[in-house]
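**Q**
Chains as they are written, first to last, in this note's numbering: chain A, 319 to 615; chain B, 77 to 355.
So this is what it looks like as structure tokens:
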């Protein structure tokens, strides 16, 4: 995918109040050049790297990627994680934002605590939950204080519990991003609408369904796209919790690049992520727009 | 005649209030307990980490695990690299991004809409896609495995967000004050430096912290672009498979603590980051 830097011709359209021609080109220019070099160019190179060897065009790297025994499990795990996590995360974040809006005691403290994971990397989250979920970790310790037998949550043959562990760690870490966007969106909605609906006797669920959520749609759209794209990039959390036992696509890129020293297959894997991210973003944009058009029913 | 007052709505409201408080506390506990436990693990002695079941209360505190982690090869250098990369990214992103954000906020120019779309698109660009080709580029220009390489990558990643946030910050500075400064004889640059910048500074500072956090947390690109000059997360990741649990817990703790400080620093601006970005 070729990203052309947008043209920056001489700034002709200036607000009439400025007598001089504003130097917008000078201000915008460096960023365009920088991003073309460090964002546009690598994408082009990435495509070439994945499909070209010394002789020319080749599908060898794609074949090697697909035939790798870890590839399809990685794709499956990544998709499964996203499909299960995103709805949970949004339900949780919206609930949390609504809770904050009804001004509970100490709501500033709560908001601060809920925002802490925003500044955490997925590696840190993985290590934090490793302390809890490992065989001799805090969860099994707590269970044994209650006289219960612990489980090897992260064992290789226990795919389900492994998945749940990764899911919980990601829910813990990344829900705050959605929360922040939803809270910001809620701040932009005057409370009048909600109160009007209340006066007319709408129940909580009716108000949520017909007043709050439709008004939140722009924020939710931003959050959905951002969060899904970031979710495709999750890997260190699984790496920290399970090692190689729960492969994810980006983790495979890392393994091919650092472990197997094959940048070409790594580039092919990266392209998979790029294509899937693009397709999902476009899907979200279309899906939410279509609902907008039919929203008057 | 005594009138009976129906107290059920009040009772219901009371119950709802109580449930609300309880739910808030439950969520806060879910967020805090893991942080408490990683701190506990990092501050326990090696011997007590080998016991089972582990004590859930801080009965056996020691800094042995932490000092062991900090003394491990590469950690101190990695910490320094992380700080250098974070500061470098912050400065470079601000130098390139803030002027562009100002232009977006104040001027209308041809190509503004495509430019903004381009920014949104680059925000969606996964880090992996960039890292692998950039590694090759940096090898050819001989800055592979340096902090400069990581700074360049992180700046590229942070730039779209920096531009959009600083644009929204400048939009919130009324244009009138700038015009007033011009009327009183300031040059455009003077009006910017003396009037607009001081008013925009808190917001820009928050944006910079955001950039720093992004760089501090970024794992994949930093691990791909460096071998010996790793940042802290990259160093922890690369030594993950062959390190004892105590080392990993201390590493987790070292990554968690700064994030609490970051959020405390920018808590006032958290929602502004996303609320008023121009679409």
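Using N, Cα and C, we set each Cβ at its ideal position, and we do this for glycine too.
Rounded to whole angstroms, what's the CA-CA distance from residue 579 (chain A) to residue 558 (chain A)? Just pull it up for me.
**A** Locating residue 579 (chain A) in the first chain gives position 261, where the first residue counts as 1. Locating residue 558 (chain A) in the first chain gives position 240, where the first residue counts as 1. So the alpha carbons of these two residues sit roughly 21 Å apart.
**Q** When Cβ atoms are compared, which residues of the region 295-307 of chain B fall closer than 9 Å to chain A?
**A** Residues 295, 296, 299, 300.
**Q** Can you list, in chain order, the residues of the region 407-430 of chain A whose Cβ is nearer than 7 Å to any Cβ on chain B?
**A** Those residues of the region 407-430 of chain A that come within reach of chain B (Cβ to Cβ, closer than 7 Å) are 414, 417, 420, 422, 423, 428, 430.
**Q** Looking at the unbroken alpha helix (DSSP H) that takes in residue 224 (chain B), where does it start and where does it end?
**A** Indexing the second chain from 1 puts residue 224 (chain B) at position 148. Unbroken alpha helix (DSSP H) run through residue 224 (chain B): 223-247.
**Q** Entirely within the region 469-553 of chain A and at least 4 residues each: give me those alpha helix (DSSP H) ranges in chain order.
**A** The qualifying runs are 477-505, 509-517, 522-525, 531-550.
**Q** With a Cβ-Cβ cutoff of 7 Å, do residue 252 (chain B) and residue 303 (chain B) count as a contact?
**A** Position 176 of the second chain, counted from the start, is the residue given in the question as residue 252 (chain B). Position 227 of the second chain, counted from the start, is the residue given in the question as residue 303 (chain B). No, the Cβ-Cβ distance between residue 252 (chain B) and residue 303 (chain B) is not below 7 Å.
**Q** Quick one: what's got a C-beta closer than 6 Å to residue 443 (chain A)'s C-beta in the same chain, skipping five residues either side?
**A** Taking the first residue of the first chain as position 1, residue 443 (chain A) is located at position 125. Excluding positions up to five away in sequence, the list reads 487, 491, 555.
**Q** Does the distance from the C-beta atom of residue 494 (chain A) to that of residue 433 (chain A) stay below 7 Å?
**A** The residue labelled residue 494 (chain A) in the question sits at position 176 within the first chain. The residue labelled residue 433 (chain A) in the question sits at position 115 within the first chain. In this structure, residue 433 (chain A) lies closer than 7 Å to residue 494 (chain A) by Cβ.
**Q** Is residue 408 (chain A) near the ligand SAH, going by C-beta to nearest heavy atom under 6 Å?
**A** In the structure on display, the ligand SAH does not appear, and there are no ligands present to speak of.
**Q** Using a Cβ-Cβ cutoff of less than 7 Å, which residues in the same chain neighbour residue 474 (chain A) once the five nearest sequence positions on both sides are dropped?
**A** Taking the first residue of the first chain as 1, we reach residue 474 (chain A) at position 156. Closer than 7 Å at the Cβ level, and outside the excluded window around residue 474 (chain A), lie 563.
**Q** What's the call for residue 270 (chain B), buried or exposed, on a 16-neighbour Cβ count within 10 Å?
**A** One-based indexing of the second chain puts residue 270 (chain B) at position 194. The residue is exposed, with fewer than 16 neighbouring Cβ atoms inside 10 Å.
**Q** Between residue 297 (chain B) and residue 203 (chain B), is the Cβ-Cβ spacing less than 7 Å?
**A** As a working mapping, residue 297 (chain B) is identified with position 221 in the second chain. As a working mapping, residue 203 (chain B) is identified with position 127 in the second chain. Contact flag set, yes.
**Q** Apart from the five residues just before and just after residue 157 (chain B), which ones in its own chain have a Cβ nearer than 6 Å to its Cβ?
**A** Against the second chain, residue 157 (chain B) aligns to sequence position 81. If we look at residue 157 (chain B) and ignore the five residues flanking it on each side, its Cβ neighbours are 223, 305, 307.
**Q** Just to confirm my understanding: we take residue 516 (chain A), look at its own chain, exclude 5 residues before and 5 after, and list those with CB closer than 6 Å. What are they?
**A** As a first step, residue 516 (chain A) must be located in the first chain, where it is residue number 198. Excluding sequence neighbours, residue 516 (chain A) sits near nothing in its chain.
**Q** Which residue comes first and which comes last in the alpha helix (DSSP H) that contains residue 198 (chain B)?
**A** Translated into the one-based positions of the second chain, residue 198 (chain B) becomes position 122. Run containing residue 198 (chain B): 188-199, per the alpha helix (DSSP H) assignment.
**Q** Residues in the region 147-181 of chain B with C-beta within 7 Å of chain A's C-beta atoms, listed in sequence order?
**A** Of all residues in the region 147-181 of chain B, 172, 173, 175, 176, 178, 179 have a Cβ within less than 7 Å of some Cβ in chain A.
**Q** First and last residue of the alpha helix (DSSP H) that includes residue 314 (chain B)?
**A** In the second chain, the residue the question calls residue 314 (chain B) occupies position 238. Taken as a continuous stretch (DSSP letters only), the alpha helix (DSSP H) holding residue 314 (chain B) covers 308-314.
**Q** Examine the Cβ distances between the region 240-259 of chain B and the region 398-416 of chain A and report whether three or more of them are shorter than 8 Å.
**A** The answer is no - the region 398-416 of chain A does not touch the region 240-259 of chain B, with fewer than three Cβ pairs under 8 Å.
**Q** Going by other Cβ atoms of all chains shown within 10 Å of its Cβ, with 16 needed for buried, is residue 528 (chain A) buried or exposed?
**A** The sequence position of residue 528 (chain A) within the first chain is 210, counting from 1. By the neighbour-count rule (16 or more Cβ atoms within 10 Å), residue 528 (chain A) is not buried but exposed.
**Q** Note down, in chain order, each residue of its chain lying with its Cβ closer than 6 Å to the Cβ of residue 439 (chain A), except the 5 sequence neighbours on either side.
**A** What you label residue 439 (chain A) is simply residue 121 of the first chain in a count that begins at 1. The answer is none, since no qualifying residue turns up.
**Q** Which value, in whole angstroms, describes the spacing of the CA atoms of residue 374 (chain A) and residue 368 (chain A)?
**A** Here residue 374 (chain A) refers to the residue found at position 56 of the first chain. Here residue 368 (chain A) refers to the residue found at position 50 of the first chain. For residue 374 (chain A) and residue 368 (chain A), the distance between alpha carbons rounds to 11 Å.
**Q** What are the boundary residues of the alpha helix (DSSP H) that residue 399 (chain A) is part of?
**A** Taking the first residue of the first chain as position 1, residue 399 (chain A) is located at position 81. 389-419 is the extent of the alpha helix (DSSP H) around residue 399 (chain A).
**Q** So is residue 293 (chain B) in contact with chain A if we call contact Cβ pairs under 7 Å?
**A** Counted from its first residue, the second chain places residue 293 (chain B) at position 217. Output row for residue 293 (chain B): interface = yes.
**Q** Verify whether the separation of the beta carbon atoms of residue 379 (chain A) and residue 568 (chain A) is less than 7 Å.
**A** Along the first chain, read from residue 1 onward, the residue named residue 379 (chain A) stands at position 61. Along the first chain, read from residue 1 onward, the residue named residue 568 (chain A) stands at position 250. No. Outside cutoff.
**Q** Is residue 611 (chain A) buried or exposed, if buried means 16 or more other CB atoms sit within 10 Å of its CB?
**A** Here residue 611 (chain A) refers to the residue found at position 293 when the first chain is read from its first residue. Unreliable positioning characterises residue 611 (chain A) in this predicted model, as indicated by a pLDDT of 46, which lies under 50. The coordinate reading is nonetheless provided below. With fewer than 16 Cβ atoms within 10 Å of its Cβ, residue 611 (chain A) is classed as exposed.
**Q** Could you check whether residue 542 (chain A) and residue 570 (chain A) sit closer than 7 Å to each other, using their CB atoms as the reference points?
**A** Numbered from its first residue, the first chain carries residue 570 (chain A) at position 252. Numbered from its first residue, the first chain carries residue 542 (chain A) at position 224. Going by C-beta atoms, residue 570 (chain A) is not nearer than 7 Å to residue 542 (chain A).
**Q** Using a cut-off of 7 Å between C-beta atoms, extract the partners of residue 580 (chain A) located in chain B.
**A** For the purposes of this step, residue 580 (chain A) is taken as residue 262 along the first chain, with counting starting at 1. The contacting residues do not exist; residue 580 (chain A) stays about 10 Å from chain B at best.
**Q** The region 221-241 of chain B: which residues have C-beta closer than 8 Å to a C-beta of chain A, in chain order?
**A** Those residues of the region 221-241 of chain B that come within reach of chain A (Cβ to Cβ, closer than 8 Å) are 228, 229, 231, 232, 235, 236, 239.
**Q** Would residue 272 (chain B) pass as an interface residue toward chain A - the criterion being a Cβ-Cβ separation below 7 Å?
**A** Translated into positions along the second chain, residue 272 (chain B) becomes position 196. No, because no Cβ of chain A sits closer than 7 Å to the Cβ of residue 272 (chain B).
**Q** Just verifying my parser: in three-state terms, what is the DSSP assignment at residue 374 (chain A)?
**A** For the purposes of this step, residue 374 (chain A) is identified with residue 56 of the first chain, where counting begins at 1. Three-state DSSP puts residue 374 (chain A) in a strand.
**Q** Drop a sphere of 10 angstroms on the beta-carbon of residue 585 (chain A), count the other beta-carbons inside from all chains shown, and report buried for 16 or more, exposed for fewer.
**A** Counting from 1 along the first chain, the entry for residue 585 (chain A) is found at position 267. So residue 585 (chain A) counts as buried.
**Q** So with CB distances below 7 Å, who are the chain A contacts of residue 97 (chain B)?
**A** Reading the second chain from its first residue, position 21 is the one you call residue 97 (chain B). Per Cβ cutoff of 7 Å: 422, 423.
**Q** Going by DSSP, what residue range makes up the alpha helix (DSSP H) through residue 694 (chain A)?
**A** The first residue shown for chain A is 319 and the last is 615, placing residue 694 (chain A) beyond what the model contains.
**Q** Looking at the C-beta of residue 571 (chain A), does it have a partner C-beta in chain B at a distance below 7 Å?
**A** As a first step, residue 571 (chain A) must be located in the first chain, where it is residue number 253. Yes - at least one Cβ of chain B is within 7 Å of the one on residue 571 (chain A).
**Q** Along the region 383-409 of chain A, where does the CB come closer than 8 Å to a CB of chain B? Name the residues.
**A** Listed by position, the residues of the region 383-409 of chain A near chain B (Cβ gap below 8 Å) amount to none.
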